[in-house]
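Heads up: the sequence lines are chains A and B, in that order. With our numbering as the guide, the letters of the first sequence map in order to residues 23 to 572. With our numbering as the guide, the letters of the second sequence map in order to residues 12 to 465. Ideal Cβ positions, reconstructed from N, Cα and C, are used throughout, including at glycine. In what follows, a structure is listed as structure tokens, so that the remarks can point back to it.
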Amino acid sequence: MIFDFGQLVLVKRYLWGSLAVAILPLLVIAILYDRHSSNLMDRLLLERIEGDLQTAIVKINSFVNAQHKRLDNLADLPEINSVFTQDSDTHLSPRLLDFLYLEIGDPDIYGIAFYNAEGEFIRAFPSWSEQTYSENGVYGNSNVAESELIQAVLPQSGRPGWFLIKKTVIRNQVNIGTLTLMVRLASMTEQTSPLYLRGVYEPIIITPDNEALSVVGNTVTSKDLLIESENFLPGWHIALQHIGKINKESDIGRWLLVLAAISALGIMWLFISMSERLARMITPLNDGAQAIANGDLTTQVPENGPGELGTLAHSFNNMSKQLNSMIKTRVYSERQASLGKLATGIAHEIRNPLATIRTTVHGLIRSETHPAHKEMLQVVNDEVIRTDAIVEEFMNYARPREPHKEFIPVGDVLATVSTLASASALETNVTMSITGDTSLVIHVDPGQLSQVLMNIVLNALQAMPEGGHLTLRTHREGKYAHLTVTDTGQGIPEDQLIEIQAPFFTTKKNGTGLGLAICAQLVHVNDGRMEIQSVYGEGTTVHITFALAT
Amino acid sequence: MHLSGASKSWGLSKVLLNNMVNIGSNMLLRVLLLCSVVSGVAADNDNTELQASNKPIKIGCLFPLAGPGGLYGRDSVEAIRIAEEDLKRLYPSISQTFEVIIGDTRSKPLRAVQIARDFIESKKVDFLCGVVSSRIALAVTEIAKEKKVFFIGTDHASPRLVTEALHPYYFRVSNDTRQSMQAGAQYIRNNYAKYVGTNNAKNNNKNDKRDDRLKIAYIGPDYDYGYQSWSDLRAFLTQKAVKFDVVGEYWPKLFETNYNIYIHALSDNKPDIVINGQWGQDFINFIKQAKQLQFFDETTVMNFDAGGNYETFADLGDEMPLGLVLSARHHINWPLSAENRSFSERFKKRVGRYPSYAAQGAYSGIVSIAQAVSNAGGVTDKEKLRVSFENLSIKLPEDPDGFTSRMDPKSHQILQAQSIGKTIINKNYPPASVMLGDWFVYYPAKEWPATINP
Numbered sequence: 023m024i025f026d027f028g029q030l031v032l033v034k035r036y037l038w039g040s041l042a043v044a045i046l047p048l049l050v051i052a053i054l055y056d057r058h059s060s061n062l063m064d065r066l067l068l069e070r071i072e073g074d075l076q077t078a079i080v081k082i083n084s085f086v087n088a089q090h091k092r093l094d095n096l097a098d099l100p101e102i103n104s105v106f107t108q109d110s111d112t113h114l115s116p117r118l119l120d121f122l123y124l125e126i127g128d129p130d131i132y133g134i135a136f137y138n139a140e141g142e143f144i145r146a147f148p149s150w151s152e153q154t155y156s157e158n159g160v161y162g163n164s165n166v167a168e169s170e171l172i173q174a175v176l177p178q179s180g181r182p183g184w185f186l187i188k189k190t191v192i193r194n195q196v197n198i199g200t201l202t203l204m205v206r207l208a209s210m211t212e213q214t215s216p217l218y219l220r221g222v223y224e225p226i227i228i229t230p231d232n233e234a235l236s237v238v239g240n241t242v243t244s245k246d247l248l249i250e251s252e253n254f255l256p257g258w259h260i261a262l263q264h265i266g267k268i269n270k271e272s273d274i275g276r277w278l279l280v281l282a283a284i285s286a287l288g289i290m291w292l293f294i295s296m297s298e299r300l301a302r303m304i305t306p307l308n309d310g311a312q313a314i315a316n317g318d319l320t321t322q323v324p325e326n327g328p329g330e331l332g333t334l335a336h337s338f339n340n341m342s343k344q345l346n347s348m349i350k351t352r353v354y355s356e357r358q359a360s361l362g363k364l365a366t367g368i369a370h371e372i373r374n375p376l377a378t379i380r381t382t383v384h385g386l387i388r389s390e391t392h393p394a395h396k397e398m399l400q401v402v403n404d405e406v407i408r409t410d411a412i413v414e415e416f417m418n419y420a421r422p423r424e425p426h427k428e429f430i431p432v433g434d435v436l437a438t439v440s441t442l443a444s445a446s447a448l449e450t451n452v453t454m455s456i457t458g459d460t461s462l463v464i465h466v467d468p469g470q471l472s473q474v475l476m477n478i479v480l481n482a483l484q485a486m487p488e489g490g491h492l493t494l495r496t497h498r499e500g501k502y503a504h505l506t507v508t509d510t511g512q513g514i515p516e517d518q519l520i521e522i523q524a525p526f527f528t529t530k531k532n533g534t535g536l537g538l539a540i541c542a543q544l545v546h547v548n549d550g551r552m553e554i555q556s557v558y559g560e561g562t563t564v565h566i567t568f569a570l571a572t
Numbered sequence: 012m013h014l015s016g017a018s019k020s021w022g023l024s025k026v027l028l029n030n031m032v033n034i035g036s037n038m039l040l041r042v043l044l045l046c047s048v049v050s051g052v053a054a055d056n057d058n059t060e061l062q063a064s065n066k067p068i069k070i071g072c073l074f075p076l077a078g079p080g081g082l083y084g085r086d087s088v089e090a091i092r093i094a095e096e097d098l099k100r101l102y103p104s105i106s107q108t109f110e111v112i113i114g115d116t117r118s119k120p121l122r123a124v125q126i127a128r129d130f131i132e133s134k135k136v137d138f139l140c141g142v143v144s145s146r147i148a149l150a151v152t153e154i155a156k157e158k159k160v161f162f163i164g165t166d167h168a169s170p171r172l173v174t175e176a177l178h179p180y181y182f183r184v185s186n187d188t189r190q191s192m193q194a195g196a197q198y199i200r201n202n203y204a205k206y207v208g209t210n211n212a213k214n215n216n217k218n219d220k221r222d223d224r225l226k227i228a229y230i231g232p233d234y235d236y237g238y239q240s241w242s243d244l245r246a247f248l249t250q251k252a253v254k255f256d257v258v259g260e261y262w263p264k265l266f267e268t269n270y271n272i273y274i275h276a277l278s279d280n281k282p283d284i285v286i287n288g289q290w291g292q293d294f295i296n297f298i299k300q301a302k303q304l305q306f307f308d309e310t311t312v313m314n315f316d317a318g319g320n321y322e323t324f325a326d327l328g329d330e331m332p333l334g335l336v337l338s339a340r341h342h343i344n345w346p347l348s349a350e351n352r353s354f355s356e357r358f359k360k361r362v363g364r365y366p367s368y369a370a371q372g373a374y375s376g377i378v379s380i381a382q383a384v385s386n387a388g389g390v391t392d393k394e395k396l397r398v399s400f401e402n403l404s405i406k407l408p409e410d411p412d413g414f415t416s417r418m419d420p421k422s423h424q425i426l427q428a429q430s431i432g433k434t435i436i437n438k439n440y441p442p443a444s445v446m447l448g449d450w451f452v453y454y455p456a457k458e459w460p461a462t463i464n465p
């Protein structure tokens, strides 16, 4: 596993280290940036909101002051004096009517009402509005003359809200009555519209009765207030209430942080994937090295890794091959040297006594008259001769003579071998045939080649005791002459095929196990190659390849 | 057209148009339209005044010719010209000339009051007529009442003119909002049947599940017209056993230009339907801004009084949303009667475009005055003239075949059919690409609904 530091610990630590170096600073920077930007945005937002709040307060004050001036102008009209002394049925003077119509022509003004010095309602303008507004008890308020506060009437079902401002009319230092102006409430609340940010926060105006008015002049429930202003009129102030998240800018910062975290996770995933892949690519190298250490010099690793890993795998395989080849060569050389020493010892320690024994036995045979004794001595002599032949064969293998190469047609050697073996073939009911291009010329020692082929042919004949067919074939393969000896004998089991060319390996009762080993050695000293292919139960083919003479 | 009295022939002598005449303090702009009609034949015995006097019958019309609502005034003036062409043919018994004076109110009460006063005191008009805004009409009717001069309302629609502010000299010759809202309530009842309960006091039981009740929000101009419309609609919905909840009420100023905060507030209410009580450029601006905010994807907007004005469709063209439920006091594509087609085409031939609904109202005002004068035998006997107005029955371009507009003698409110349609693609009346269709027609009861009983 990637978190397991037991295997390939260096690779994983390296990758994890790189990961930490890549991600930790990113996270630290992201967190610091988020905090910084969040604080900055909060501060800027707060400053902006406070600025907008002040602007809204100024605008509301300006709006209310304009209504006061409107009221002052009306109160200053001389024509207005008579209104406070007339009953409501008396026609107003045209000049006063003009002023009143001018004022109610402004959509901010719903109506104008008149009260006498005692605070009793006299009339309203326009007259049809009297009933509508008196339903709310505003005109009937006997305390209106004493009240200096703005009185608000909140929106009701089917009617918008308004607020009342009043002006006491003084003539000659005498209070002759009160003039009131009914002003559209939404015209005041709409002054806060720059503070409205849909889905985030909205301004509300809090009345002295703690009623909350939305930007469009409707009553709302105040909750989750963000900031409150100072009073812009006694008891009246503006507040901002959350209707969503506090600020979207901070949200964006958090989203960026989330994105950074996601990208960090992405980098982690990438590193983990790379680490696992690297581990997958290094593991065969490790296993291969372990196999070589255990003596398996044929181990090869996949070379499909990218870049340096592929090169490393290729070098590893080359190393494995060269090591195998070197060790084989070394073993062969040492074995040959050992065999040479052994052969020298045998020649000295065995063949000399055998020569003495043989001379002595010859003498004894000549001097022996008793037939039975003579026959026994003859058997001893034969065994001595056979032992000497074995020693001779071993010495040939251990210390082969240098080849005396000649340019010869392959066909000549094949013909000689065929002639020599024909008698034996006839005995075992084997038919022999020579096929292919027998004119191919090769540069070999003809004696050694004949020895090799004869040995192989005799082995083939022995493999076909019930008869069969033996084919000697020669053909060209590029720059090489290819000789094959194919029999239809019993074939060689697969487990024996690997060892068949090893010295002293034999399946014959009286064999020395040196025949094919000597053949391979003689082919080798003549710069050729020999391979044996066999299908058990069907037959065997021996392939010998030499370079064509140029 | 329906003719009353004897059939006589008329001849038009001349039409004079004087522009920009100062009145009083140079604040008043006036268009003088003089319709001089010469009698050609003898008259009935009952119409001795009509035959004997050559004193012109003066009509002082008040319309905004510039500023907000100016299109309504300009269309009204053109329609008055068309009416003037028709008078000679329709009312041959009247030998006197008609002199129609136009005063530009610029949608301001003070200007309207001054003009009305000048019309009465200086110009000695026999009739006041016109007025687009109910706010101004309420001021003008006070003058008419005081001076005992007939005021024939042609375009404003607040029911207050025919209730608290009613006087013997006021008559209105176009449907008011109460009639529009009555038709609208019926439309809602027919199209939202699942919210209709049994007709008893439990219909608006607030204990009903919220999903069982129609969620309605309202936005209308902040003056009497808006209040009355909304009040009447709610009363009619209750009367018609529609179970509904009011989820929001909004009152932007008349001639407001920025409706974004109102649209956001409406959107937050999540209403099933939004009743819009705006008219003219206000409604056009609302549609433009609401469309930008995808408001029409959220809810169904209905405007039963003035939203279906051709002006809206001509202004918005391809931008006009589909599926809105609208009405107006006159439609150029309903009814498809010969009279209505003729009126619209004559107007288009004269002006180069189709008329807004105000034009047909002004036309109705002039021909109604003529018919009342014809029936009363002159303008001298105001009592006779009042009775004549009270019994007015007149075929107008907006009347469908088989129906004739008639005056309700109690309320002095004319009774006309109200048709409501949905906005659909219709390119037969360019530059509009969308017009009303899929019509629902509501015919008036015998009397104007002075009270709305649940």
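Closer than 7 Å to chain A by CB, residue i
i, result
"His423/B", "no"
"Val124/B", "yes"
"Lys158/B", "no"
"Pro120/B", "yes"
"Tyr236/B", "no"
Where the alpha helix (DSSP H) containing residue i begins and where it ends
i, result
"Glu371/A", "Element bounds for Glu371/A: n/a, residue is neither H nor E."
"Ile93/B", "Gly81 to Leu101"
Between the CA atoms of residue j and residue i - distance to the nearest angstrom
i, j, result
"Leu99/A", "Phe106/A", "13 Å"
"Gly327/A", "Met296/A", "13 Å"
"Ile68/B", "Lys99/B", "14 Å"
"Ala411/A", "Gly559/A", "32 Å"
"Tyr190/A", "Ile93/B", "The question names Tyr, yet the displayed sequence has Thr at residue 190/A. If I take the Cα positions, the gap works out to 54 Å."
"Ala569/A", "Leu331/A", "39 Å"
"Phe416/A", "Thr351/A", "21 Å"
"Glu132/B", "Leu76/B", "22 Å"
"Asn386/B", "Arg340/B", "26 Å"
Span of the beta strand (DSSP E), counted from its first residue to its last, around residue i
i, result
"Met398/A", "From DSSP, Met398/A is part of no beta strand (DSSP E) but of the alpha helix (DSSP H) over Pro393 to Ala420."
"His264/A", "His259 to His264"
"Ala503/A", "Tyr502 to Asp509"
"Trp450/B", "Val445 to Tyr453"
Check whether residue i and residue j have beta carbons under 7 Å apart
i, j, result
"Ile113/B", "Ile380/B", "no"
"Thr493/A", "Thr508/A", "yes"
"Glu356/B", "Pro408/B", "no"
"Tyr261/B", "Leu225/B", "no"
"Ile154/B", "Arg128/B", "yes"
"Gly208/B", "Ala252/B", "yes"
Below-7 Å beta-carbon distance, residue i vs any chain B residue
i, result
"Ser215/A", "yes"
"Tyr137/A", "no"
"Asp120/A", "yes"
"Gly329/A", "no"
"Tyr223/A", "no"
"Arg145/A", "no"
"Val205/A", "no"
"Arg299/A", "no"
"Val175/A", "no"
Anticipated Cβ contact below 8 Å, residue i with residue j, distance rounded
i, j, result
"Gly432/B", "Asp449/B", "6 Å"
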